[in-house]
Structure formats: structure tokens, C-alpha cells
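Single-structure report; data block below.
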Amino acid sequence: DTGVSQDPRHKITKRGQNVTFRCDPISEHNRLYWYRQTLGQGPEFLTYFQNEAQLEKSRLLSDRFSAERPKGSFSTLEIQRTEQGDSAMYLCASNIQGTNEKLFFGSGTQLSVL
Amino acid sequence: GENVEQHPSTLSVQEGDSAVIKCTYSDSASNYFPWYKQELGKGPQLIIDIRSNVGEKKDQRIAVTLNKTAKHFSLHITETQPEDSAVYFCAASRGNQGGKLIFGQGTELSVKP
Numbered sequence: 001d002t003g004v005s006q007d008p009r010h011k012i013t014k015r016g017q018n019v020t021f022r023c024d025p026i027s028e029h030n031r032l033y034w035y036r037q038t039l040g041q042g043p044e045f046l047t048y049f050q051n052e053a054q055l056e057k058s059r060l061l062s063d064r065f066s067a068e069r070p071k072g073s074f075s076t077l078e079i080q081r082t083e084q085g086d087s088a089m090y091l092c093a094s095n096i097q098g099t100n101e102k103l104f105f106g107s108g109t110q111l112s113v114l
Numbered sequence: 001g002e003n004v005e006q007h008p009s010t011l012s013v014q015e016g017d018s019a020v021i022k023c024t025y026s027d028s029a030s031n032y033f034p035w036y037k038q039e040l041g042k043g044p045q046l047i048i049d050i051r052s053n054v055g056e057k058k059d060q061r062i063a064v065t066l067n068k069t070a071k072h073f074s075l076h077i078t079e080t081q082p083e084d085s086a087v088y089f090c091a092a093s094r095g096n097q098g099g100k101l102i103f104g105q106g107t108e109l110s111v112k113p
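Taken in sequence, the protein lines are chains H and W. With our numbering applied, the first sequence corresponds to residues 1 to 114, in that order. With our numbering applied, the second sequence corresponds to residues 1 to 113, in that order.
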């Protein structure tokens, strides 16, 4: 069990650029979640997948954000036309459906939009 | 909407003392209440959780209590150690919403040696 892995750990980009983050969940976990955390706040739910199906999206997820999990394993989160307000830590988490919701988080991708 | 309030935002204790962090939730349908510890540059790590059918749960120096009537739950850390210094988050969810957690704002705990 290698834990939830996220790449890259840090990303600096200029406003208007597109960025993509990757998450590899714990191998046997069929649910994968994306959260966003800004400085001094708790994580906020963005979206989640069960296998390859995206089951829920928060209203925080504007149309500039898109997430995929094409084969039910790793997931990508893309932000198009980044804005300074997108600067945050993007956290990925995973669990197994029906296992009491115990959620395991990765170390996150810290995005800075200049 | 659903909301979780957490207090205090910062807490400083001497090594060996106890620390208590309190949370209240608004959604009466919430039935799962985890606590996470987050160290600098890392993701949140689950340290203990409790379900609504249990009033108290303990794991070594850590305990959590739940008052469903008052919609309060608390984290108790006894015999604090410097390595307990971190940001602690409470969270709540409905059981049928999987890992969709509503987090509190966090408590920065500092344990002074």
C-alpha cells in the first residue's frame, strides 16, 4: 500500500494558462475524490468518482474545471484559463465504497497562479 | 447549507497537558464524524472517527465525544507531546454521501516542551 500519490507537488503558472494535475489512488480503492484547500481553511469538496463514473460535482467546480478518471484508476484534474483565485492546494483522496467513509488523502498539489 | 464550526482556531498548551477542540454541525442527518491531523506540506491524516450510534470513542491518548442532541462533537488529546503540534480538522458527513466531508476551519495546536 503506497498511499494516495499526487503529481506534481507544486505548480506555478501564469494567469490564463491551463494546468493538469494527476492523482493515483490506493490501488484497491474504487472511489476517488478531489478537494480544494485554501490557506487557513479546511478542505472543500469538489467532485468524486466511483470507478470511472463522476457521480457528483460541487457548485465550486466552475466550467473551467474538468476531472476525469478514464479507466477507473488514476484521475486528472484540469483547470483551464487559470485565475489568481484558483491558487490553492488541490487534494486527492480515495476510499472503498461502503467502508465507513474512511478517506485517505494524498499530499496535494500546491497551485500558485501569478 | 451544511456547515461545521470549529473552535478554537489556535490552541497552545504545555507538554503533558490536555487539549480539547470542539465542533458543531448544522445538518441533523450527519452521522459520521472524523478528525484529521495535517502537518505542514502534507495532506490530512485520519486520526480517529466516530459514528452517530456511539457517544464516545478512545484510541490511546486520543478520544472523541459526540452529543447528537446538541450537534456537538469534541476531540480530546491527553498527555500532549511536541509531535502533536499540527492543524486539526473536524468533519461531518451523511453516511449515504460516502467521502463527501464538510470540514471545520481547523485548529492550530502548538505543544510547547
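Backbone N, C-alpha and C define an ideal beta-carbon position, used for all residues, glycine too.
query                                                                                                                        : result
When we look at the beta-carbon of S62/H and count the other beta-carbons within 10 Å, is it buried (16 or more) or exposed? : exposed
Curious, which full-length alpha helix (DSSP H) runs of at least 4 residues does the stretch 10-75 of chain W contain?       : none
Helix, strand or coil for Q41/H, going by three-state DSSP, please let me know.                                              : coil
On a Cα-Cα basis, can you pick out the residue from S85/W, A70/W, G95/W, S12/W that is closest to Y36/W?                     : S85/W
Is the Cβ of S49/W closer than 8 Å to any Cβ of chain H?                                                                     : The question names Ser, yet the displayed sequence has Asp at residue 49/W. Chain H, which has a Cβ nearer than 8 Å to the Cβ of D49/W, makes this yes.
From the DSSP output, read off the bridge partner residues of K11/H.                                                         : L111/H
If you follow the beta strand (DSSP E) that V19/H is in, where does it begin and where does it stop?                         : 19-24
Hey, is the stretch 19-36 of chain H in contact with the stretch 84-102 of chain H, meaning 3+ C-beta pairs nearer than 8 Å? : yes
Along the chain, where does the beta strand (DSSP E) that runs through H7/W open and close?                                  : 4-7
Helix or strand or just coil, what does DSSP make of Q54/H?                                                                  : strand
Buried or exposed for E79/W, going by 16 or more other Cβ atoms inside 10 Å?                                                 : exposed
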